[in-house]
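Please read the structure below before turning to the comments.
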Amino acid sequence: MYDHASSTVTGLHGISAVPSADSGKPRPSVSVIIPAMNEAKNLPYVAYRMPLGIDQIVFVDGHSADDTVAVARKLWPDATFVTQTRSGKGNALACGIEACTGDIIVMIDADGSTDPAEIPLFVQALLDGADLAKGSRFVGAGGSTDITTLRRWGNKALNQIVNTYFHTKFTDLCYGYNAFWARHAEQIELPPTHYTRAQWGDGFEIETVINVRLATAGLKISEVGSFEGPRLHGRSNLNAYSDGMRVLRTINQEFAHWKDHRSKVRSGVRAGAAVEKAADELAG
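Laid out in structure tokens, this is it:
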């Protein structure tokens with residue numbers, strides 16, 4: 341478990357990632373995944389904002405060319421360190437999820453734009469019954485000082501498409517601050533990490549994949565208001581147009597897969613009913 345008494349930074353003393361559990365109920369363990377590539381200058385702030393009570397930090401390095409790993413090892417000497425097998429945020433998260441040991445998995449960014457101090461809000465949403473705690477910049481106390489007009493409108497359009505296709509109520513599909521119960525990880529069906537060639541789901545479309553697959557699995561999703569700050573240092577790898585189009589293709593692909601699955605399920609139900617009817621007729 342991480343506390344700042346054993347860390348090289350002084351953080352949010354007194355703020356716990358897991359609220360006080362009800363008497364008689366075990367305290368869930370929390371793993372936080374931090375995917376990073378060339379984020380050495382941003383990590384001290386992320387560590388400073390990290391609340392108490394984190395059981396495992398999984399630090400996934402994207403083959404950084406700077407001192408990212410050295411800085412991370414100094415800040416979190418007991419963290420689980422992983423080097424991603426391919427490239428892209430999706431692959432980094434898939435590698436991180438494989439390494440998680442906690443009951444709850446939280447995903448944050450390493451650039452300082454997602455505030456680790458909000459982790460207790462996500463954990464509480466899960467404790468209150470959600471399967472996925474979905475961060476949103478557009479509900480409650482959420483907001484952003486980083487999102488551009490183009491990204492805002494693009495995100496809104498993608499929300500509308502997903503909500504129409506899958507009968508969901510997402511307000512911020514593309515925001516990557518999320519938490520879910522680890523027991524649901526298999527339902528996401530992320531690309532295998534041992535493949536050497538690039539896989540669909542390796543990029544920024546990963547948030548869409550996670551959200552849609554957990555939603556179509558019938559799991560309960562609660563949105564959590566989250567405030568997105570600006571990247572502190574460096575430049576983002578996100579390209580509003582190309583990554584937006586990639587997300588759109590992902591939505592269409594997931595919709596086609598979902599329709600095909602529903603069709604097979606319905607065919608199976610009809611076939612089962614026909615067999616049962618025939619058996620009843622023979623018995624009669």
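Per the numbering used here, numbering of the sequence shown is gapless, rising by one per residue and ending at 624.
The C-beta atom is built at its ideal place from N, Cα and C for all residues, glycine as well.
Residue i versus the options, residue with shortest Cα-Cα distance
i, options, result
"residue 597", "574, 552, 367", "552"
"residue 409", "393, 511, 384, 365", "384"
"residue 503", "462, 399, 555, 534", "555"
"residue 391", "370, 511, 382, 403", "370"
"residue 514", "563, 480, 444", "563"
"residue 507", "414, 558, 381", "558"
"residue 532", "376, 389, 424", "424"
"residue 580", "570, 490, 534, 520", "490"
"residue 429", "569, 382, 540", "540"
"residue 535", "434, 381, 394", "434"
"residue 499", "441, 439, 588", "588"
"residue 448", "457, 442, 416", "457"
"residue 441", "478, 395, 595", "395"
"residue 406", "585, 453, 382", "382"
Endpoints, the alpha helix (DSSP H) within which residue i is located
i, result
"residue 415", "408-415"
"residue 487", "Element bounds for residue 487: n/a, residue is neither H nor E."
"residue 376", "No alpha helix (DSSP H) holds residue 376; the beta strand (DSSP E) holding it covers 370-376."
Inter-residue Cα distance where the pair is residue i and residue j
i, j, result
"residue 567", "residue 455", "7 Å"
"residue 487", "residue 451", "14 Å"
"residue 359", "residue 427", "35 Å"
"residue 436", "residue 517", "15 Å"
"residue 492", "residue 484", "10 Å"
"residue 593", "residue 600", "11 Å"
"residue 356", "residue 398", "18 Å"
"residue 365", "residue 402", "38 Å"
"residue 547", "residue 412", "24 Å"
"residue 461", "residue 379", "25 Å"
"residue 445", "residue 404", "24 Å"
"residue 522", "residue 422", "18 Å"
"residue 459", "residue 512", "18 Å"
"residue 418", "residue 505", "43 Å"
"residue 495", "residue 501", "10 Å"
"residue 527", "residue 482", "28 Å"
"residue 476", "residue 510", "8 Å"
"residue 469", "residue 575", "37 Å"
"residue 474", "residue 415", "27 Å"
"residue 330", "residue 590", "This structure cannot speak to residue 330, because the chain is shown only from 341 to 624."
"residue 377", "residue 537", "19 Å"
"residue 388", "residue 443", "24 Å"
"residue 453", "residue 463", "19 Å"
Start-to-end residues for the beta strand (DSSP E) that takes in residue i
i, result
"residue 420", "420-423"
"residue 429", "Careful: residue 429 lies outside any beta strand (DSSP E), inside the alpha helix (DSSP H) at 429-439."
"residue 387", "No beta strand (DSSP E) contains residue 387, which is instead part of the alpha helix (DSSP H) from 383-389."
"residue 446", "444-447"
"residue 401", "396-401"
Cβ distance (whole Å) where residue i is taken to contact residue j below 8 Å
i, j, result
"residue 431", "residue 542", "4 Å"
"residue 550", "residue 471", "In fact, because the Cβ distance is near 12 Å, the residues do not count as touching under 8 Å."
"residue 375", "residue 400", "5 Å"
"residue 466", "residue 519", "6 Å"
"residue 565", "residue 480", "3 Å"
"residue 544", "residue 572", "Between residue 572 and residue 544 the Cβ distance is about 19 Å, and since that is not below 8 Å, they are no contact."
> Hey, which unbroken runs of the beta strand (DSSP E) at 3 residues or more fall wholly within the stretch 514-592?
Replying inline: 518-521, 561-565
>> Which complete beta strand (DSSP E) runs does the stretch 454-480 hold, if anything under 3 residues is left out?
In response: 472-476
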